[in-house]
Amino acid sequence: MSMSNSTAAASGAPATARRPAKTMSRRRRQVQNALVAYSFIAPNFLGFAVFTLGPILFAFVLAFMHWDGSNAITFAGLDNFWRLFEDKAFIAAFWNTIIYTAVSVPATLACALGLAVLLNQKIFGRDFFRTAMFFPYVASLVAVAVVWNMIFNPEMGPVNMILYTLGLDPKDMPGWAADRHWAMVTVILFGIWKSMGYYMVIYLAGLQGINSELYEAADLDGANSWQKFLYVTVPQLGPTTFFVTVMLTIQSFKVFDQIYMITQGGPGTSTLVLVYHIYNEAFISWDLGYSSMIALVLFFLVLAVTVVQFRRQKED
Amino acid sequence: MASISLKKLNKTYGALTVVHDIDLEIADKEFIILVGPSGCGKSTTLRMIAGLEEISNGELVIGGDLVNEVPSKDRDIAMVFQNYALYPHMTVYKNMAFGLQLRKASREVIHRKVQEAAKILDITHLLNRKPKALSGGQRQRVALGRAMVRNPAVFLLDEPLSNLDAKLRGTMRAEITKLHKRLDATFIYVTHDQIEAMTMADRIVVMKDGHIQQVDTPQNLYDRPVNMFVAGFIGAPQMNMLPSTIERRGDGYAALFDGRELPLPAHFDKNRIEPYVGRELVIGIRPENLHELPPADIASENLAPFDAVVELAEPMGSEVHLNLTAGGRNLIARVSPRFKAKIGDGVKLVVDTTNMQLFDRETERSILY
């Protein structure tokens with residue numbers, strides 16, 4: 045098409061007419077390039093629009109409605125919002141989510157970094173241990189949770205057996221998932237164990253990107269192993285740690301499946317978290333308007349924390 | 449301060465030996481340069497002195513103490529790395545102060561020493577910047593500063609100028625030489641650049657394949673190379689090497705090359721030459737000793753005519769490098785820019801044989817030294 049345009053201009057028109065013909069064809073080429081690009085993006089974007097963007101926008105609207113999923117939707121104004129403050133389960137879920145995140149993010153990060161540093165050394169069986177640490181992440185959560193429940197079974201699980209042989213009084217034995225004081229600990233331990241392998245791999249990649257001359261310079265400067273870790277490794281891993289923190293935080297705020305498998309939010313509300321409460325309100329109580337309002341709260345919570353993290357990263 | 453001795457130093461990786469029985473005595477406050485092609489073991493030797501590589505065999509003595517098992521930080525040394533190895537997240541000030549902080553120096557001492565070093569290196573205005581905001585030359589200065597603040601007895605420099613452009617390299621060469629005089633410390637410097645070695649060193653160590661070839665002052669290496677490798681490695685353009693035979697001529701000797709006769713100067717040791725009469729050997733002629741006939745008042749008494757064909761003329765401004773062929777061999781001559789020669793011309797030049805080199809063809813060792 046552009047070929048025929050420019051030949052027409054060259055043969056028929058005087059020299060001055062050539063310029064607009066050329067820009068025309070260039071613009072047409074740009075449009076063509078853009079269309080090709082959009083056609084590649086389109087399938088993915090359509091899926092995103094139908095299954096993600098649409099429902100999100102719908103949930104935003106639904107937060108201000110009453111709807112049980114079968115009868116007509118009615119306008120609720122701020123009813124759902126005021127209800128949050130009277131809902132004891134919501135308040136418990138809110139604080140449980142905060143506690144879960146505040147403990148599991150730094151703990152997972154520390155475990156992942158520690159493992160990465162250990163498994164970055166030339167030790168015997170390194171590849172085996174790397175695989176073993178990564179395995180929980182790829183294993184089926186349902187199967188793993190069943191095994192976890194058996195291992196941490198208060199009456200006959202091996203963990204308490206070991207504690208018993210170490211001399212712990214059966215009266216003081218932790219009840220793990222069945223004990224309201226230990227249930228959150230159990231769920232957090234499970235979360236750390238399940239995802240630390242994945243973040244270990246990310247940290248390993250980060251560690252291998254550090255210039256080894258920096259460690260040699262630190263050797264000559266007189267740094268011991270701990271000082272090298274503190275003054276070379278940690279700062280050099282800054283961008284990796286930022287990525288890991290953001291991903292872990294978002295993941296922790298969204299925690300659901302392990303709670304569903306291990307405690308179902310109990311005993312009482314001791315491990316009830318926001319997403320589990322959303323699930324209860326939406327698909328047990330069929331109060332879709334109220335559950336959307338809780339989802340909205342979660343959305344702003346995640347947004348606020350992420351914005352703060354990005355700001356702090358920029359300052360550094 | 450610190451003299452250093454390397455006694456039968458070896459470095460092996462499995463079955464592979466990369467440094468063989470290095471014996472070297474380095475005097476206190478000496479500026480010594482290890483030079484050689486890539487893979488000759490010069491950097492490995494330096495890293496063994498630094499304590500960054502384990503010594504497989506042999507002894508390393510610094511300031512009278514055997515330090516084979518002493519960690520880097522206790523060897524009273526500092527090192528400047530090829531890629532500078534500055535801590536990217538620290539400012540220039542912190543980079544320089546870090547070693548002192550770890551050694552628990554007081555804040556005042558650190559401040560004074562960093563400021564002092566920064567002043568000498570002219571980087572005071574950069575102290576608050578991070579390395580990524582600096583040019584290559586500035587980073588190099590910071591790396592030197594980081595080494596200086598600790599007043600080490602020995603400075604180790606691993607190809608410190610190889611990442612700089614040619615002009616900056618020239619100025620930094622002079623600055624490092626001045627710094628050495630000022631700091632009064634022992635400098636061990638690794639480079640593959642023979643110009644750096646020639647211009648800066650008190651003594652040069654020429655290495656090849658993990659072996660020391662020759663240790664001497666720059667001028668002695670240039671004038672009296674012990675083998676063909678050293679003769680070819682030191683000096684640019686390279687020394688011309690020609691196959692030749694020796695014959696008696698009256699009281700003296702002459703080297704013959706493709707019908708050309710080069711009488712050997714009278715000061716050559718006859719006892720060393722006599723066994724080679726009638727045998728094939730290699731003669732070495734530096735390009736500056738192959739030129740047009742000079743004016744009679746400055747001409748050497750050891751001139752021999754030499755004709756060749758011009759292949760290419762490379763004007764350098766102050767002189768012209770003529771690439772020539774003679775007897776099927778390629779040679780380079782250094783002539784004045786006023787000497788007119790076109791490609792394909794036969795030209796009549798002369799060889800000044802005063803500093804001619806003679807090498808055994810089999811062993812490649814010098815016959816004269």
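Protein sequences, first through last, are from chains A and B.
What the first sequence shows, in our numbering, is residues 45 to 360, in sequence order.
What the second sequence shows, in our numbering, is residues 449 to 817, in sequence order.
Glycine included, every Cβ here is placed at the ideal spot set by N, Cα and C.
Quick caveat: nothing in here was measured; it's all calculated off a predicted structure.
Own chain, CB closer than 6 Å to Y304/A, minus 5 neighbours either side, in chain order: Within the first sequence, numbered from 1, the residue matching residue 304/A stands at position 260. No residues qualify anywhere along the chain.
Given a cut-off of 8 Å, decide if A187/A and Q302/A are closer than it, judged by their beta-carbon atoms. On the first sequence, residue 302/A is found 258 positions in, with the first residue counted as 1. On the first sequence, residue 187/A is found 143 positions in, with the first residue counted as 1. Contact: no.
Does Y535/B come out as helix, strand or coil in the three-state DSSP assignment? Indexing the second sequence from 1 puts residue 535/B at position 87. Correct three-state label for Y535/B: coil.
Alpha carbon of K477/B to alpha carbon of F168/A, nearest angstrom: Looking up residue 477/B in the second sequence gives position 29. Looking up residue 168/A in the first sequence gives position 124. Approximately 45 Å between the Cα atoms of the pair.
State the Cα-Cα distance for the pair R73/A and I85/A, rounded to the nearest angstrom. For the purposes of this step, residue 73/A is identified with residue 29 of the first sequence, where counting begins at 1. For the purposes of this step, residue 85/A is identified with residue 41 of the first sequence, where counting begins at 1. The straight-line gap from Cα to Cα measures roughly 19 Å.
Spell out a yes or no on whether the segment 797-809 of chain B and the segment 727-738 of chain B are touching, meaning 3 or more CB-CB pairs, one atom from each, closer than 8 Å. yes
Got a sec: is the Cβ-Cβ distance from M596/B to anything in chain A below 8 Å? Numbered from its first residue, the second sequence carries residue 596/B at position 148. No, its Cβ sits nowhere closer than 8 Å to a Cβ of chain A.
At the 8 Å Cβ level, is A553/B part of the contact set with chain A, yes or no? Working through the second sequence from its first residue, we reach residue 553/B at position 105. False, the Cβ-Cβ gap to chain A never drops below 8 Å.
Three-state class that DSSP yields for L582/B in the structure shown: Residue 582/B sits at position 134 when you count from the first residue of the second sequence. It is coil, neither helix nor strand.
Can you tell me whether H715/B is buried or exposed, with buried defined as 16 or more other CB within 10 angstroms of its CB? What you label residue 715/B is simply residue 267 of the second sequence in a count that begins at 1. With fewer than 16 other Cβ atoms within 10 Å, it is exposed.
P415/B, enclosing beta strand (DSSP E) - first and last residue: The requested residue 415/B does not occur in the structure, where chain B is confined to residues 449 to 817.
Nonlocal neighbours in the same chain, by C-beta distance under 6 Å from A565/B, ignoring five residues either side: Taking the first residue of the second sequence as position 1, residue 565/B is located at position 117. Closer than 6 Å at Cβ, skipping near neighbours: G593, M596 and V597.
Sequence-distant residues of the same chain with beta carbon closer than 8 Å to G56/A, five excluded per side: What you label residue 56/A is simply residue 12 of the first sequence in a count that begins at 1. Since pLDDT at G56/A reaches only 44, below the 50 mark, its modelled position is unreliable, and no value is offered.
DSSP three-state assignment for Y144/A, whether helix, strand or coil: Counting from one through the first sequence, the residue named residue 144/A turns up at place 100. Y144/A: helix per DSSP, three-state reduction.
Backbone CA spacing between T51/A and S784/B [nearest angstrom]: Reading the first sequence from its first residue, position 7 is the one you call residue 51/A. Reading the second sequence from its first residue, position 336 is the one you call residue 784/B. Low confidence applies here, because T51/A scores a pLDDT of 43, under 50, leaving its location unreliable and the question unanswered by this model.
Taking the alpha-carbon positions, what's the V467/B to E359/A distance? In the second sequence, residue 467/B corresponds to position 19, counting from 1. In the first sequence, residue 359/A corresponds to position 315, counting from 1. Their Cα atoms are separated by approximately 49 Å.
Our contact map puts S239/A next to T152/A with C-beta atoms below 8 Å; I'd like the distance itself, whole angstroms only. Locating residue 239/A in the first sequence gives position 195, where the first residue counts as 1. Locating residue 152/A in the first sequence gives position 108, where the first residue counts as 1. Contact flag correct, Cβ pair sits at about 6 Å.
Going by DSSP, which residues form a beta bridge with K796/B? As a first step, residue 796/B must be located in the second sequence, where it is residue number 348. Answer is D755/B.
Report the three-state DSSP secondary structure of L575/B (helix, strand or coil). Here residue 575/B refers to the residue found at position 127 of the second sequence. Of the three classes helix, strand and coil, the one that applies to L575/B here is coil, per DSSP.
Extent of the continuous beta strand (DSSP E) run through G506/B: Indexing the second sequence from 1 puts residue 506/B at position 58. Residues N505 to I510.
Drop a sphere of 10 angstroms on the beta-carbon of L264/A, count the other beta-carbons inside from all chains shown, and report buried for 16 or more, exposed for fewer. Here residue 264/A corresponds to residue number 220 of the first sequence, with the count starting at 1. L264/A comes out buried.
Residues of the segment 470-504 of chain B whose Cβ lies closer than 8 Å to any Cβ of chain A, in chain order: A498, G499 and L500
Y817/B (DSSP reduced to helix, strand or coil): Position 369 of the second sequence, counted from the start, is the residue given in the question as residue 817/B. Coil, per DSSP.
Cβ-based contacts, 9 Å cut-off: residues of the segment 515-531 of chain B near chain A: P519, S520, K521, D522, R523, I525, A526, M527, F529, Q530 and N531
What does DSSP give as the partner residues of M655/B in its beta bridges? Sequence index remark: in the second sequence, residue 655/B carries index 207 (1-based). Answer is I660/B, bridged to M655/B.
Beta-carbon proximity list for D524/B, same chain, < 8 Å, skipping 5 on both sides: Position 76 of the second sequence holds residue 524/B. For D524/B, same chain residues with a beta-carbon under 8 Å away, outside a window of 5 residues either side, are A450, I510, G511, P600, A601 and V602 in chain order.
Under 7 Å Cβ to Cβ from R777/B, same chain only, skipping five residues before and after it: list those, please. Here residue 777/B corresponds to residue number 329 of the second sequence, with the count starting at 1. So the qualifying residues of the chain are L690.
With H769/B as the anchor, note down where its beta strand (DSSP E) starts and where it stops. Translated into the one-based positions of the second sequence, residue 769/B becomes position 321. Where H769/B is concerned, the enclosing beta strand (DSSP E) stretches over V768 to A774.
Which residues, taken in chain order from the segment 262-287 of chain A, show a beta carbon closer than 9 Å to some beta carbon of chain B? A262, D263, L264, D265, G266, A267, N268, Q271, Y275, V276, P279, Q280 and G282
Completely contained alpha helix (DSSP H) runs for the segment 277-322 of chain A, where each covers 4 or more residues: Scanning the segment 277-322 of chain A from its first residue to its last, the whole alpha helix (DSSP H) runs of 4-plus residues come out as 282-297 and 301-306.
Compare the C-beta of G462/B against all C-beta atoms of chain A and say whether one is closer than 8 Å. Translated into the one-based positions of the second sequence, residue 462/B becomes position 14. Output row for G462/B: interface = no.
Report all residues from its chain with a CB closer than 7 Å to the CB of M337/A; omit the five preceding and five following residues, and keep chain order. In the first sequence, counting from the first residue as 1, residue 337/A sits at position 293. A107, N124, F125 and L128.
For L612/B, name the three-state secondary structure that DSSP assigns. Here residue 612/B corresponds to residue number 164 of the second sequence, with the count starting at 1. If DSSP states are grouped into helix, strand and coil, L612/B belongs with coil.
Spatial distance of T619/B from G250/A (CA atoms): Indexing the second sequence from 1 puts residue 619/B at position 171. Indexing the first sequence from 1 puts residue 250/A at position 206. Cα to Cα, the separation comes out at about 38 Å.
Express the C-alpha separation of V590/B and R782/B in angstroms, rounding to a whole number. In the second sequence, the residue the question calls residue 782/B occupies position 334. In the second sequence, the residue the question calls residue 590/B occupies position 142. When rounded, the distance between both Cα atoms is 40 Å.
Using 8 Å as the threshold, is the segment 200-210 of chain A in touch with the segment 156-168 of chain A, meaning 3 or more CB pairs across them? no
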